[in-house]
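Residue numbers (the working numbering): 1 to 184.
Beta carbons are placed, not taken as given, at the ideal position from N, Cα and C, and that holds for glycine.
To keep things clear, I will list the structure first and then write my remarks on it.
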């Protein structure tokens, strides 16, 4: 799925959830920042805050792909810091189809910081998860720009025959706040 499609789908789902909860919001058109043209940024404006949505397609999950997540977050802060309020949230969403590469096997651990308890379910689906040498959370902490609220992995697809989750396709979520002098 292209970043624009993933970003549009996630943003629309968030807007639907906000509307169902009677929360006033508006959707700003996606932003094509000078250094983020291939990876649009979406912004949902609320009464006293915004939700910034960044989507990534983790095609290979290699170092370059992982590093681009960090780079885009740094670019977001440098280019749009004047637009941020202390209540803003940054939602990073990435998707990945597991393959047999070492980078793919490490991605879960890199994103979450640990191998899941149900690792045997992954092995049954042909995915041999392994430890990564670095972790997203540690890399974000080193930047000293973000407060990390939550990181998670979900599997949104289910098999038709037994309704079991398809482990080979994953959505990765990371919910951040911008670190300011008042909350550091």
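Practice task
May I have the straight-line CA-CA distance separating residue 185 from residue 125, to the nearest angstrom?
Solution key: Only positions 1 to 184 of the chain appear in this structure, which leaves residue 185 out of reach.
Exercise for the section: With a 10 Å radius around its C-beta and 16 neighbouring C-beta atoms as the bar for buried, classify residue 96 as buried or exposed. Expected result: Against the chain shown, residue 96 aligns to sequence position 96. Counting C-beta atoms within 10 angstroms of its own C-beta, residue 96 has 16 or more neighbours from the protein chains shown and is therefore classed as buried.
Exercise for the section: Counting only the same chain and skipping the five closest in sequence on each side, list residues whose C-beta sits under 7 Å from that of residue 10. Expected result: The residue given as residue 10 occupies position 10 in the chain shown. So the list reads 53, 55, 93, once near-sequence residues are dropped.
Exercise for the section: Using beta-carbon positions only, say whether residue 6 and residue 57 come within less than 8 Å of one another. Expected result: Locating residue 6 in the chain shown gives position 6, where the first residue counts as 1. Locating residue 57 in the chain shown gives position 57, where the first residue counts as 1. In contact: residue 6 and residue 57 (Cβ atoms closer than 8 Å).
Problem - Which listed residue (114, 62, 116) has its alpha carbon closest to that of residue 102 - result: As a working mapping, residue 102 is identified with position 102 in the chain shown. Nearest C-alpha to residue 102: 62.
Problem - Within 8 Å, strictly: CB atoms of residue 153 and residue 133 - result: Mapped onto the chain shown, residue 153 falls at position 153. Mapped onto the chain shown, residue 133 falls at position 133. Cβ distance not < 8 Å, so residue 153 and residue 133 don't count as in contact.
Handout entry: Contact under 8 Å by Cβ, residue 51 with residue 76
Key = Position 51 of the chain shown, counted from the start, is the residue given in the question as residue 51. Position 76 of the chain shown, counted from the start, is the residue given in the question as residue 76. No; because the gap between Cβ atoms is not below 8 Å, this pair is not in contact.
Exercise for the section: Measure the CB-CB distance between residue 224 and residue 109 and report whether it falls below 8 Å. Expected result: No statement about residue 224 is possible, as the shown extent of the chain runs from 1 to 184 and does not include it.
Problem - First and last residue of the uninterrupted alpha helix (DSSP H) at residue 123 - result: Reading the chain shown from its first residue, position 123 is the one you call residue 123. It spans 119 to 124 - the alpha helix (DSSP H) in which residue 123 sits, taken as one unbroken run.
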